[in-house]
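Read through the structure below, which is laid out as structure tokens, and then see the notes.
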Amino acid sequence: MSVISQEPTPESVWAFMQETALQMRETDRRLKKAEDLFTSQWGRLVESLVEGALVSLFQDHPDYRISVQRTIRRVKGCHGGHNYEFDILVVDGEELVIVEVKTTLRSDDVTKFLGKLEKCKLWMPEYASRRI
């Protein structure tokens, strides 16, 4: 069996490079999709683990006990055109604990969370009478 080989032409090299670039973009898209899926699932798992421990943590703490009525995960809303999200709310009669879950905490995460805390009673007026 004989194979006929042709010398590459500028056009064939260009076509090959374009096809390779297209395949690389598709690979990048698939990797990004897989990364996003892993990250979101990992975040949900960590939030679930944290939420599961919150009730006993707050009710059994020797110095500061909160009578937890309920926990609420992934609270999302929009107020005045601004979208907001809180990972977990711990609600009792007089108090509201807002929990932000991070697998890796950076200083800018703390700054953003403090900014959200300042506005939470405005964004969620149903909790305005509670101590944060």
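In terms of this note's numbering, the sequence shown opens at residue 3 and continues consecutively.
Idealized CB from N, CA, C, for every residue including glycine.
Integer Cβ distance of residue i from residue j, believed to fall under 8 Å
i: Val103; j: Val70; result: The pair is not a contact, with the Cβ atoms about 17 Å apart (cut-off 8 Å).
i: Leu59; j: Thr73; result: Leu59 to Thr73, Cβ: 11 Å. No contact.
i: Trp125; j: His81; result: 4 Å
i: Arg75; j: Asp89; result: 7 Å
i: Tyr129; j: Lys123; result: 6 Å
Pair within 8 Å by beta-carbon distance, residue i and residue j
i: Val48; j: Val101; result: no
i: Arg132; j: Glu87; result: no
Cutoff 6 Å; reference residue i; Cβ partners in own chain excluding five residues on either side
i: Ile134; result: Leu98
i: Lys78; result: Glu87
Residues of its chain near residue i, where Cβ-Cβ distance is below 8 Å and the 5 sequence neighbours each way are ignored
i: Asp111; result: Glu102 and Lys104
| said: Closer than 8 Å is the cut-off here; do at least three beta carbon pairs connect the segment 23–37 with the segment 61–72? | reply: no
| said: Runs of 4 residues minimum, wholly inside the segment 25–61: which ones carry the alpha helix (DSSP H) assignment? | reply: none
| request: Go through the segment 84–131 residue by residue and report every complete run of the beta strand (DSSP E) that reaches 3 residues or more, in order. | output: 84–93 and 98–101
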